[in-house]
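Heads up: the structure comes next, in structure tokens.
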Amino acid sequence: MAMPSSSTVIGVDVAKAELVIYRQDLDQLKTHANDKAGCAQLLKTLP
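In this note's numbering, the protein residues as written are 128 to 174.
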């Protein structure tokens with residue numbers, strides 16, 4: 128029996144100083160710095 132699949136829609140707005148991330152499944156908006164540390168934080172939050 129196949130497992131049902133789900134998808135997550137993520138929108139990313141890239142600016143010089145920050146990354147603004149929207150996750151549809153959580154109806155959540157977060158901002159991260161657009162630098163190495165901010166990108167690392169962003170990757171930790173992705174499903």
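Glycine included, every Cβ here is placed at the ideal spot set by N, Cα and C.
These numbers were taken from a predicted model, which means no experiment stands behind them.
Anticipated Cβ contact below 8 angstroms, residue i with residue j, distance rounded
| i | j | result |
| --- | --- | --- |
| L146 | L169 | 6 angstroms |
| G165 | Y149 | Not a contact, Cβ separation roughly 16 angstroms. |
| D152 | T135 | 5 angstroms |
Per DSSP, cross-strand counterpart(s) of residue i
| i | result |
| --- | --- |
| V157 | The question names Val, yet the displayed sequence has Lys at residue 157. Looking at the DSSP assignment, K157 forms a beta bridge with I148. |
| G138 | Y149 |
Residue i Cβ short of 8 angstroms to the ligand COA heavy atom set
| i | result |
| --- | --- |
| V147 | Among the components modelled here there is no ligand, and therefore nothing to report on the ligand COA. |
Contact set for residue i: own chain, Cβ-Cβ below 8 angstroms, skip 5 residues either direction
| i | result |
| --- | --- |
| N161 | V141, A142, K143, A144, E145, L146 |
| T158 | E145, L146, V147, I148 |
Close Cβ partners of residue i (< 6 angstroms) along its chain, the five nearest in sequence each way excluded
| i | result |
| --- | --- |
| L156 | Y149 |
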